[in-house]
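Working notes, structure below.
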Amino acid sequence: QQQVKQSPQSLIVQKGGISIINCAYENTAFDYFPWYQQFPGKGPALLIAIRPDVSEKKEGRFTISFNKSAKQFSLHIMDSQPGDSATYFCAPDMDSSYKLIFGSGTRLLVRP
Amino acid sequence: DAGITQSPRHKVTETGTPVTLRCHQTENHRYMYWYRQDPGHGLRLIHYSYGVKDTDKGEVSDGYSVSRSKTEDFLLTLESATSSQTSVYFCASSGQGYFYGYTFGSGTRLTVV
C-alpha cells in the first residue's frame, strides 16, 4: 500500500538557489508532517515538522508548506548551501500509529 | 545519534548463517524500531516494539525476528541470512509522543555473501 509518494527522487541545485521537495499522502488521519535529513553514513534526523492547524512553518532557511485539501506538504530550502547536500525523507504520522512510514527519499546535491 | 548505539557497525556474513544486530538506547524511550534502507526503497519498517516483550511486524518482516527483554535493548535476528538481506539497518526509538519525532542510530551495514 503506497501511502506516501515523494518527489523528485533527486535534485541538483546551485548554491544560493531554492530546493523544493514534495510529499503526497493518502491517509487523511495523518496529523503530523515531518521532514528528516540524512547525511551519508548517518541515520536520519528530524529536520522540521508541521501540524495541520497551520499552513506554513519556517525555521531558518527551511520551510514546510502544507496543503490539507491536496494532501500534500513540501520542504523548501532557501539559499541552499553545499552543506545541505543530503537525502531528505518525508514521514507523515498520526497518534497511536506505531508505524512511521517514510517516503522513498530525495537526494539533494547543492553545487558550489 | 545521541542515545542510540548500534552494533556491529559493519558485518559480512555467509548465506544461511544466523545474524543478530543489536540496538541500545539510553533515552528510556518506550518505542523502538528496526528499519532497513535500500537504494530506491527508502526506509522500510521491519519490526517495532511498543514495550518490553511487546513487538509487532512491520512491512518487510519475513525472515526477521526481534526481541526486547529490557527497555534499552532491541535485537534484530536474521535466522538464516540471504543475499536479499544485504542492506543498511537502522534502529530508532521514540518516547515522548509521535510529534517529537524519532531518534535514529548510525546504522549497521550488513553484507550477505
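Protein chains in written order, with the numbering used here: chain A, -9 to 102; chain B, 57 to 169.
Virtual Cβ for every residue (Gly too), placed ideally from N, Cα, C.
Interface flag for B:L101 against chain A is set, since a Cβ pair is found closer than 8 Å. Setting aside the 5 residues that flank it on each side, A:N17 is surrounded in the same chain by Q(-7), P82, M84, each with a C-beta closer than 8 Å to its C-beta; the list follows chain order. Residues of chain B whose Cβ lies closer than 7 Å to the Cβ of A:F79 are, in chain order, G98, L99.
Counted as a single uninterrupted DSSP element, the beta strand (DSSP E) harbouring B:Y87 occupies residues 87 to 94. Put simply, the CB of B:Y120 is far from chain A, with every gap to its CB atoms at 8 Å or more.
If you compare the alpha carbons of B:V169, B:K109, B:R165, B:H85 with that of B:G157, the shortest gap goes to B:H85. For B:G98, the enclosing beta strand (DSSP E) starts and ends at 98 to 107. What A:K32 touches in chain B, judged by beta-carbon distance under 9 Å, is D57, F160, S162, G163, going in chain order.
The beta carbon of A:K89 sits closer than 8 Å to some beta carbon of chain B. Around the beta carbon of B:I60, a 10 Å sphere encloses 16 or more other beta carbons of the protein chains shown; the residue is thus reported as buried. With respect to the C-alpha of A:K5, the residue from A:S94, A:F92, A:M68, A:Y78 having the closest C-alpha is A:M68.
Here A:F23 is actually not in contact with A:I2; their C-beta atoms are around 25 Å apart, not less than 8 Å. Pairing A:K32 with B:S143 gives a Cβ-Cβ distance that is not under 8 Å. Residue pairing for A:N17: DSSP places it in no beta bridge. Straight through space, the alpha carbons of B:R78 and A:S45 are spaced by roughly 40 Å. Within the segment 42 to 69 of chain A, contact with chain B at the beta-carbon level (separation under 8 Å) is assigned to no residue.
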